[in-house]
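Here is the structure we will look at.
6 protein chains.
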Amino acid sequence: MSDTLQLVPGNSLITATAEEGRQLAIKLSRLIIKATQPDAALRERLRPIYAEDAAMLIAIGQTVATEFATIAAANNYWR
Amino acid sequence: MSDTLQLVPGNSLITATAEEGRQLAIKLSRLIIKATQPDAALRERLRPIYAEDAAMLIAIGQTVATEFATIAAANNYWR
Amino acid sequence: MSDTLQLVPGNSLITATAEEGRQLAIKLSRLIIKATQPDAALRERLRPIYAEDAAMLIAIGQTVATEFATIAAANNYWR
Amino acid sequence: MSDTLQLVPGNSLITATAEEGRQLAIKLSRLIIKATQPDAALRERLRPIYAEDAAMLIAIGQTVATEFATIAAANNYWR
Amino acid sequence: MSDTLQLVPGNSLITATAEEGRQLAIKLSRLIIKATQPDAALRERLRPIYAEDAAMLIAIGQTVATEFATIAAANNYWR
Amino acid sequence: MSDTLQLVPGNSLITATAEEGRQLAIKLSRLIIKATQPDAALRERLRPIYAEDAAMLIAIGQTVATEFATIAAANNYWR
Numbered sequence: 003m004s005d006t007l008q009l010v011p012g013n014s015l016i017t018a019t020a021e022e023g024r025q026l027a028i029k030l031s032r033l034i035i036k037a038t039q040p041d042a043a044l045r046e047r048l049r050p051i052y053a054e055d056a057a058m059l060i061a062i063g064q065t066v067a068t069e070f071a072t073i074a075a076a077n078n079y080w081r
Numbered sequence: 003m004s005d006t007l008q009l010v011p012g013n014s015l016i017t018a019t020a021e022e023g024r025q026l027a028i029k030l031s032r033l034i035i036k037a038t039q040p041d042a043a044l045r046e047r048l049r050p051i052y053a054e055d056a057a058m059l060i061a062i063g064q065t066v067a068t069e070f071a072t073i074a075a076a077n078n079y080w081r
Numbered sequence: 003m004s005d006t007l008q009l010v011p012g013n014s015l016i017t018a019t020a021e022e023g024r025q026l027a028i029k030l031s032r033l034i035i036k037a038t039q040p041d042a043a044l045r046e047r048l049r050p051i052y053a054e055d056a057a058m059l060i061a062i063g064q065t066v067a068t069e070f071a072t073i074a075a076a077n078n079y080w081r
Numbered sequence: 003m004s005d006t007l008q009l010v011p012g013n014s015l016i017t018a019t020a021e022e023g024r025q026l027a028i029k030l031s032r033l034i035i036k037a038t039q040p041d042a043a044l045r046e047r048l049r050p051i052y053a054e055d056a057a058m059l060i061a062i063g064q065t066v067a068t069e070f071a072t073i074a075a076a077n078n079y080w081r
Numbered sequence: 003m004s005d006t007l008q009l010v011p012g013n014s015l016i017t018a019t020a021e022e023g024r025q026l027a028i029k030l031s032r033l034i035i036k037a038t039q040p041d042a043a044l045r046e047r048l049r050p051i052y053a054e055d056a057a058m059l060i061a062i063g064q065t066v067a068t069e070f071a072t073i074a075a076a077n078n079y080w081r
Numbered sequence: 003m004s005d006t007l008q009l010v011p012g013n014s015l016i017t018a019t020a021e022e023g024r025q026l027a028i029k030l031s032r033l034i035i036k037a038t039q040p041d042a043a044l045r046e047r048l049r050p051i052y053a054e055d056a057a058m059l060i061a062i063g064q065t066v067a068t069e070f071a072t073i074a075a076a077n078n079y080w081r
C-alpha cells in the first residue's frame, strides 16, 4: 500500500445524495485496487481485461454493491 | 466512469413497493456495469455471454441480492 | 428485464413463518435469473448445468442466503 | 423445489445456544442444495467432488457464514 | 457433519477483545471445513493446495471477514 | 495460525477517521492471509500473482469492502 494514497476521498462517508454515494462506492473500490497494485502502467494493462470480461464486470458490481451498503447506512439511506 | 451517467435513477433509494425496490436493485447493478464499461456496443456483445452462462446468471443474482438488501433497509422493508 | 414479470410474489417481504420466508428467498433468486434471461427454453437448457455442478449449487446457496437475510430482517426474524 | 421438503427444521431460527445456531446454519445451507437438486443419488455423486476440493470447501464455509449471520442476529447473538 | 465436533469453541460468540474475536472468526471458518470434510488425512492433503494458491487465500479471507462481522456485532464492536 | 501473530493492530476497531478505518480494513485482510500462510517467502512469491491478475484484485477489493463494513459500523460511520 502506498503510504500517501488517499483511500477515502474527503475522508468521509457522508454524501449529499444517493447519486454521490454511488460515485463514492465506485471510487472506494477502485482505490483499493490502486493500493494493492500501485503501478499505474500495469493497472492500465489490466483495465481492458476486466472491462471486456462479463464475469469480472459482474464481480466489480458485487464489490461496489458491498461498498455502497456501508455508505448508504452511514448516510441513513438519504431518507 | 462517465461523468454524466446517472447511477441512481431518481437519485433516491425510496420506492413505493417491494416490487419497485427489486426493479431498482436490478437497475443499480446494471448501471455499475455501464459505468465500468461505457462502450454500448461492447456491452451488447457481452450480454449473450452472461445471459447464457449458468454461473454468471447466478453471480448476477448475488449482486442484485446485495443491492436489494440496501434498498430494502432504506425502505424499512415496506412494512 | 421483462416489464411484466413480477419480481416479488405478493409484492411483500412479509411471510407468516421462517419456512415461508425461505421459500420466498428461493423464489426471489430464481426470478432475477428469469428477468436476466427471459427465454424459457434457454433457461431449461441451463438447468441441468447448474443442478449437476457442485460449485454452482454452492453459489446458488450463497445467493439464497443473502436474499434470506433481507427477508428475515423484514420479518424481525419471526421472533 | 420439492413442495414437501422442509427448508427450516422446526420452522424457527431461534436456538438455545450458539453451537445449535451453527448446526442450523449448516442444515439451512444443505437444504437449499437439496431443494435445487432433489435427486438424492445425484447429490451423493456430487458430495466427494466438493468435499475433496479446497475451493469448494471454502465456498461452503462462506455460505454457512452468511446463514449464520442471520441466525445469530435472530438470537440476539445469544448474549 | 460429525455429531460430536464442537462448531463454536466455548459455545459463545463473546470474546474479551477484538484480537480474540478475530481468532474466533478463523476457528469458526476452519470448523465448518472440518464438519464438511471430517477426514483429517484428506484435509491435510488439501492444506498446501489452498495455502499456496493466491485466489484461495483471498477466498479464505472473505469467509473470515464474514464470520468476523457477526462476532464483532455480537460484542458490540468491543467499544 | 501463528500463535504470536497479532491479527488486529492495536487490538481495536476504533479509528480516528474513515481514512484510517480503510487502512485498517486493508491490514486486517492481509493479516488473515499471513495467518493462513505464515511462510513469508511463499507469500512473497504469491504477491505478483494476485497483484497482476484482474480477477484477484477485484476479489481483494471484495474482502476489504467486507472488513470495512464492520469497521465502519464499529465507528458509527465517523458521523
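Residue numbers (the working numbering), protein chains in the order written: chain A, 3 to 81; chain B, 3 to 81; chain C, 3 to 81; chain D, 3 to 81; chain E, 3 to 81; chain F, 3 to 81. Using N, Cα and C, we set each Cβ at its ideal position, and we do this for glycine too. None of these values were measured; they are calculated from a predicted model.
Starting from residue i and walking both ways along the alpha helix (DSSP H), at which residues does that stretch end?
i	result
Leu83(A)	Given a span of 3 to 81 for chain A in the structure shown, any question on residue 83(A) remains unanswerable.
Leu44(B)	42-53
Thr6(E)	Neither: Thr6(E) is in no alpha helix (DSSP H) and is coded neither H nor E.
Thr72(E)	56-76
8 Å is my cut-off, CB to CB: does residue i come that close to chain F?
i	result
Leu33(E)	no
Leu59(E)	yes
Ala71(E)	yes
Is there a Cβ from chain C that is less than 8 Å from the Cβ of residue i?
i	result
Arg81(B)	yes
Gln64(B)	yes
Ala76(B)	no
Thr68(B)	yes
Leu26(D)	no
At least one CB of chain D closer than 8 Å to the CB of residue i: is that the case?
i	result
Ile51(E)	yes
Thr6(E)	no
Can a CB atom of chain A be found closer than 8 Å to the CB of residue i?
i	result
Ala56(B)	no
Glu46(B)	no
Return no unless some Cβ of chain E is closer than 8 Å to the Cβ of residue i.
i	result
Ala42(F)	no
Please list, in chain order, the residues of the segment 12-24 of chain D that have any C-beta partner in chain C closer than 8 Å. Asn13, Ser14, Leu15, Ile16
Is it a yes or a no for the segment 14-23 of chain B touching the segment 67-79 of chain B, going by three-plus beta-carbon pairs under 8 Å? yes
Should the segment 6-19 of chain F be called in touch with the segment 48-62 of chain F, which here means at least 3 C-beta pairs below 8 Å? no
Decide yes or no for the touch test of the segment 44-51 of chain F against the segment 39-57 of chain A: beta carbon pairs closer than 8 Å, at least 3 of them. no
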